[in-house]
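One structure below.
Number of protein chains: 2
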Amino acid sequence: MGSVREDLIAILKTHEGSWISGERLSESLSVSRAAVWKHMSRLKDEGWGIETAPGKGYLLTRSSDPLLVREISEGLKGTVFGEAGRIVLVRETGSTNTAARDLAFRGYPEGTVVLAEGQEAGKGRKGRTWFSPAGKGIYLSLLLRPPMNPGELPRIAVLAAVAAAESLSEFSPLPLSIKWPNDLILGDRKIGGILLESHAELDLVDFVIVGMGVNTAVGVADFPPELRGRATSFLLSTGKSPSRAPLIRAFLSRFDLHYRTVLSGDFSSVRDRWTALSGLAGKRIAAGGPGPPVRGVAMGLDDSGILVLRQDSGACIRVYSGDLFE
Amino acid sequence: MGSVREDLIAILKTHEGSWISGERLSESLSVSRAAVWKHMSRLKDEGWGIETAPGKGYLLTRSSDPLLVREISEGLKGTVFGEAGRIVLVRETGSTNTAARDLAFRGYPEGTVVLAEGQEAGKGRKGRTWFSPAGKGIYLSLLLRPPMNPGELPRIAVLAAVAAAESLSEFSPLPLSIKWPNDLILGDRKIGGILLESHAELDLVDFVIVGMGVNTAVGVADFPPELRGRATSFLLSTGKSPSRAPLIRAFLSRFDLHYRTVLSGDFSSVRDRWTALSGLAGKRIAAGGPGPPVRGVAMGLDDSGILVLRQDSGACIRVYSGDLFE
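Chains as they are written, first to last, in the numbering used here: chain A, 3 to 328; chain B, 3 to 328.
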């Protein structure tokens with residue numbers, strides 16, 4: 003893989019929508035024209051929109067939006083992700099969460115980011131899958147090692163959802179909202195989700211993986227039938243898919259900001275943002291967990307980031323997560 | 003490895019302390035005398051007390067106490083460990099917790115047990131090591147998949163400590179006690195410990211590994227100098243090391259009993275046992291966690307299994323774990 007490939011993509015992106023000759027690429031990259039051709043074939047195999055024509059050379063079509071590590075790492079200096087300097091980009095993986103978990107067990111540091119163009123077995127909550135067509139979404143996992151006890155982990159899920167909704171809203175004419183516990187909503191449809199996975203001792207978190215999946219350029223025909231009425235993408239809801247790199251950068255910056263705030267001991271400002279973005283407080287809900295569903299009025303998040311529900315009896319209980327029924 | 007080895011060990015154990023000829027072993031096992039010799043050499047290499055003498059054959063010295071899966075699985079029918087039928091015995095491993103974690107990610111069921119004769123990198127809390135000389139201790143990890151949310155996991159640590167203290171007490175003239183959060187104490191010295199490791203989504207436990215290390219036949223010269231004043235073994239404190247298989251069986255049966263009780267919704271009976279075995283309630287302690295130590299009077303465990311501490315200000319806080327200072 004290495005730098006020739008990254009350099010090639012960088013040049014193609016600068017010339018997006020216009021032709022560039024094989025000769026010129028060969029000179030710029032200091033490799034043979036045969037090597038250029040080989041890299042191009044591989045990119046085409048990977049599904050990127052590259053056209054070739056005799057006498058003209060190569061063209062990256064405007065609809066292509068390949069990810070580049072250097073584009074993402076730009077502007078992340080000073081953040082936990084910039085400091086780690088470990089942005090791992092893979093073309094296709096089983097799931098970025100599983101890849102990040104493997105890196106975690108191998109000792110990769112806090113701030114490691116795993117990105118994939120597509121996922122073969124993208125993960126949703128509770129063993130569900132996350133539809134992850136290559137090039138048409140953001141599939142990303144963050145590796146964090148917060149000095150927390152496991153009971154405080156829901157705070158990380160809360161700040162991740164806030165960072166996601168805020169950063170995605172910057173790229174959308176319509177604001178995004180959060181549906182408890184982990185859905186990102188555009189209009190009344192799901193455009194993304196957050197998935198937390200943690201490994202801990204009794205009293206100490208070893209690592210947390212924060213996974214995010216967002217549909218950017220997924221078309222209506224791409225979605226499997228069972229998702230069509232419920233899911234959306236930037237392309238479907240706004241008519242246009244933003245370039246993914248700036249979106250990812252915005253998310254990482256927001257995440258870093260809120261993460262530092264929470265680690266400094268101030269959870270309440272993030273919680274206030276969550277409350278505004280979720281609009282859940284005061285609503286009557288039924289939350290279904292592993293046991294029978296519990297009904298009541300959502301009171302808001304407690305200090306650990308867990309939802310408090312007031313049942314009809316007046317008793318307040320904490321609900322970790324579940325599926326909203328009302 | 004397989005059954006010839008297990009059969010050979012079983013025959014040796016029946017004849018423990020007396021000679022048995024290579025010819026007779028070869029007949030009983032339906033293998034050549036050369037094969038018997040090969041297996042014996044390997045067992046000797048592994049450090050088992052096997053003597054050979056021309057014309058006499060082989061002898062397993064009484065001080066040997068090799069583990070046999072079939073001896074451990076006896077009497078576990080109807081328990082979660084008997085139902086899984088997955089008792090994995092390895093001679094030497096890095097750590098049984100890590101081995102059990104790998105099996106968990108590979109989909110092994112609840113009730114899987116990993117046992118080792120010795121550990122090269124036995125784990126203690128917070129990255130500490132657990133001294134694990136081959137054949138002289140119990141090194142065991144249980145794989146569980148309780149339908150719990152992560153906040154309830156401390157209950158598993160509590161029931162594990164109770165099961166350990168109760169079962170070990172059966173084999174000791176002196177009773178064992180629990181030192182919060184996870185030490186097993188004989189007299190005033192540490193004879194064992196419990197280590198919990200969990201993997202979870204936000205709201206659902208994927209799996210828990212309960213590791214237990216107990217010093218059975220560790221002699222005073224075996225211990226590294228820094229442990230000598232603080233650690234003990236059955237051999238050191240009672241003059242005699244019990245055979246390990248019945249001890250392991252007793253622990254697994256007790257664990258199963260308390261595990262079912264807790265999963266049925268009754269945590270209070272296990273908590274009462276813990277309170278009696280720990281003698282912590284009402285004592286003044288300083289608990290050191292990741293942050294600065296907190297001081298106060300131990301009030302007992304809350305409904306999640308977390309210790310409640312009443313500070314001098316009168317405020318009660320929950321302490322996940324830590325090191326006792328007073």
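Where a beta carbon is used, it is the ideal one built from N, C-alpha and C, also for glycine.
Three-state class that DSSP yields for residue i in the structure shown
i      : result
T131/B : strand
K125/A : strand
A233/A : strand
L69/A  : coil
T63/A  : coil
L309/A : strand
K181/B : strand
K15/A  : helix
T81/B  : coil
D171/B : In the sequence as presented, Asp is not what sits at residue 171/B; that position holds Ser. Correct three-state label for S171/B: helix.
D190/A : coil
L161/A : helix
V321/A : strand
Beta-carbon proximity check, residue i vs residue j, cutoff 9 Å
i      : j      : result
P111/A : V210/A : no
I13/B  : L31/B  : yes
G139/B : N217/B : yes
L61/A  : H17/A  : yes
G113/A : A86/A  : yes
Y322/A : L303/A : no
A163/B : L142/B : no
G194/A : A219/A : no
N151/B : L204/A : no
A202/B : L155/B : yes
G137/A : W50/A  : yes
L27/A  : G59/A  : yes
L198/B : V207/B : no
E168/A : R7/A   : no
S243/B : D9/B   : no
D325/B : G298/B : no
K15/A  : E73/A  : yes
I319/B : A300/B : no
L254/B : L146/B : no
G269/A : R157/A : The residue you asked about is not Gly; residue 269/A is Phe in the sequence shown. Going by C-beta atoms, F269/A is nearer than 9 Å to R157/A.
Neighbour-count burial assignment, residue i, 16 or more Cβ in a 10 Å radius
i      : result
T63/B  : exposed
Q121/A : buried
R256/A : buried
M3/A   : Per-residue confidence for M3/A stands at a pLDDT of 42, beneath the threshold of 50, marking its modelled position as unreliable; no derived number is given.
K285/B : exposed
K125/A : buried
E119/B : buried
V222/A : exposed
A55/B  : exposed
R103/A : buried
S43/A  : exposed
P175/B : exposed
G231/A : exposed
G19/B  : exposed
S34/B  : exposed
S5/A   : exposed
T100/A : buried
A36/A  : exposed
Bounding residues of the alpha helix (DSSP H) (the contiguous stretch that carries residue i)
i      : result
M42/A  : 35-47
A288/A : Careful: A288/A lies outside any alpha helix (DSSP H), inside the beta strand (DSSP E) at 286-290.
G24/A  : 24-31
D304/B : Premise fails: D304/B is in no alpha helix (DSSP H) and is neither H nor E.
A247/B : 246-265
T114/B : Careful: T114/B lies outside any alpha helix (DSSP H) and carries neither H nor E.
R103/A : 98-107
Rounded Cβ spacing between residue i and residue j (contact assumed at less than 8 Å)
i      : j      : result
T81/A  : D258/A : 4 Å
S306/A : G153/A : 6 Å
G215/B : S134/B : 7 Å
F173/A : L249/A : 5 Å
G281/A : T234/A : Not quite, the Cβ-Cβ distance comes to about 18 Å (not below 8 Å), so this is no contact.
Boundaries of the beta strand (DSSP E) in which residue i is found, first to last residue
i      : result
D208/A : 207-217
T89/B  : The sequence shown places Ile at residue 89/B, rather than the Thr named in the question. Element bounds for I89/B: 89-95.
I140/B : 139-146
V272/B : Unbroken run through V272/B is the alpha helix (DSSP H), 270-280; no beta strand (DSSP E).
A55/B  : 52-55
heavy atom of the ligand SAM below 8 Å from residue i C-beta
i      : result
D208/B : With respect to small molecules bound, the structure shown includes none, and the ligand SAM cannot be examined in it.
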